[in-house]
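In the numbering used here, the protein residues as written are 6 to 243. We put the beta carbon where it would ideally sit given N, CA and C, even for glycine. Predicted model, so just to flag it, every value in this text is computed and none were measured.
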C-alpha cells in the first residue's frame, strides 16, 4: 500500500496528469485536514454513520425475517417472492424522488432508501440459505418429536446462519454505497453530501478524501463481520 501511494504521489508530481483532476495522496490528506479545521469532518461522519446504521438495521432485520419465511414457508414464498423480485431491478437512486415525496427531505427518506437496498441484498442470501437446509436434518428433527417451531429455531436458523451473516455483510457494504444516493435527498451534512458539493466546485481533493473515508469505513466494518462470523458460526465457514 505504501509503495502504491508513493507511485501515485510521484506520478502526480511529475505532471503526467492534471493535479486538479487527479490529486495526489498529500493533496487528499490536506483536504481532510481542511475539513477538520472547518469543523465539518466529524459532523459529516456522524450524520453518514447514523444514516447507514439505521438503514442497515431496519433493512437487515426485515431481510432476515423475510428470507427465513420465504425460504421455509411455501405460501409466504408464493406471496412475497414475486413482489420482492419485481422490485430488485429498481436502483436505489430511482427511489430518491419517491422517498422525498413520501417522507419529505428529512432523515426518514434517507433511512428508507438505504433500508430498501439492504433489505433486498440480505433477503436474497437468507432466502437461498433457508431454502437449502438439508431435508435429512429436518427429518431427523421431526423423528425426534421436535415441533415445527423448535425445528425452525434449532435446525433451520443455525443451518442458514452462514448465509445470514454473508447477507448482512453484503448489506453493510450496500448501505455505504447507497448512502451517496440517499444523501441526494435534501441532505445538509454527510460524506455523500460533501462529495456532491465538492464536485460542484471541482474540489477533487475533497472528493477523493470522501471516497477514502467511505472505503476505510466499509473495510473496517467488513473486517468486523469476518472476525465475528468466524467465532460465532465457525461450523459454516466456506
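Inset, instruction - Quick one: residues in its chain with C-beta nearer than 8 Å to the C-beta of residue 27, no 5 flanking neighbours on either side, listed in chain order? - result: 17 and 209
Legend entry - Exposure label - residue 110; buried when at least 16 CB within 10 Å: Residue 110 comes out exposed.
Inset, instruction - Starting from the N-terminal side, write out each stretch of the alpha helix (DSSP H) that is 4 residues or longer and does not extend beyond the segment 130 to 157. - result: 140 to 148 and 153 to 156
Legend entry - Separation of residue 138 from residue 170, as counted between CA atoms: 16 Å
Inset, instruction - Could you tell me if residue 123 is buried or exposed, where buried requires 16 or more neighbouring beta carbons within 10 angstroms of its beta carbon? - result: buried
Legend entry - Sufficient close CB pairs (3 or more, under 8 Å) joining the segment 185 to 196 to the segment 157 to 171: no
Legend entry - 4 or more residues per run - each alpha helix (DSSP H) lying fully within the segment 178 to 213: Here the runs fully enclosed are 196 to 205.
Inset, instruction - Under 6 Å Cβ to Cβ from residue 146, same chain only, skipping five residues before and after it: list those, please. - result: 156 and 160
Inset, instruction - State buried or exposed for residue 148, treating a residue as buried only when at least 16 other CB atoms are found within 10 Å of its CB. - result: Counting Cβ neighbours within 10 Å, residue 148 comes out exposed, since fewer than 16 surround it.
Inset, instruction - Select from 33, 100, 65 and 46 the residue whose C-alpha is nearest the C-alpha of residue 127. - result: 65
Inset, instruction - Look at the alpha carbon of residue 182 and the alpha carbon of residue 130, and state the distance between them as a whole number of angstroms. - result: 18 Å
Inset, instruction - Rounded to whole angstroms, what's the CA-CA distance from residue 133 to residue 116? Just pull it up for me. - result: Rounded to whole angstroms, residue 133 and residue 116 show a C-alpha spacing of 26 Å.
Inset, instruction - Compute the distance between the beta-carbons of residue 172 and residue 68, then report whether it is under 8 Å. - result: yes
Inset, instruction - Decide if residue 7 is buried, meaning its Cβ has at least 16 other Cβ atoms within 10 Å, or exposed. - result: exposed
Legend entry - Three-pair Cβ contact test at 8 Å for the segment 31 to 38 versus the segment 212 to 226: yes
Legend entry - Close Cβ partners of residue 120 (< 6 Å) along its chain, the five nearest in sequence each way excluded: Within the same chain, residue 120 has close Cβ partners 60, 63 and 64.
Legend entry - C-alpha gap between residue 188 and residue 48, whole angstroms: 14 Å
Inset, instruction - Apply the 10 Å Cβ neighbour rule to residue 99 and answer buried if 16 or more other Cβ atoms are within range, or exposed otherwise. - result: exposed
Inset, instruction - Identify which residue in 103, 52, 79 and 13 has its Cα closest to the Cα of residue 112. - result: 52
Legend entry - Near the ligand MG: residue 194 beta-carbon under 7 Å from a heavy atom: Within the structure as shown, the ligand MG is missing, as the structure has no ligands at all.
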